[in-house]
Amino acid sequence: MFSKGKIKESDSTTTIISKNTSFVGDISSGEKIIIHGKINGNINTNNGVVFIDKGGVVNGRVLCEKMILNGELYGECCCSTLDVYENGFLQGEVSYRFLEIRNGGCITGIVNKVTDEVQNNVSELVKARES
């Protein structure tokens, strides 16, 4: 991440919540969000990626293009692609177009597959889920 005191250009658009960090409030970003800590609030990346790592916990609603879940999410997730890793746990409601759950991953609650007629856009997914 750091090179001779400089931040790499590709890293400047990534929001990272570190392991020992707790955050209360909403996050809005157009890019990638990596969560190692805890968030109580909503996350909206619209066309970005949200990665909840092992040990990371989110209580709230997540809107993103792609969700990679290796930690815990309690609440809602609306995304085009959901990839639940071995340690991933989602309790609540999820709307998705593409889903992969690896051995050990778990979703409990309401699971909605959005039809292919809905565009590959999170805003469209939200509208389809709410109708």
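The number in my numbering is simply the position in the sequence shown, starting from 1, with 16 added.
For glycine and all other residues, C-beta sits at the position ideal for the given N, C-alpha and C.
Counting the other CB atoms within 10 Å of its CB gives Gly87 a total of 16 or more, which places it among the buried residues. In the DSSP assignment, the residues bridged to Gly125 are Gly108.
No residue range can be given for Val130, since it is assigned to no beta strand (DSSP E) and is classified by DSSP as neither H nor E. Its Cα nearest to that of Tyr90, the residue Asn58 stands out among Glu102, Asn58, Ile33.
Counting along the chain, Asp99 sits inside the beta strand (DSSP E) bounded by residues 88-100. It is roughly 7 angstroms from the alpha-carbon of Thr61 to the alpha-carbon of Glu81.
When DSSP states are grouped into helix, strand and coil, Thr29 belongs to the helix group. The beta carbons of Leu79 and Cys94 sit closer together than 8 angstroms.
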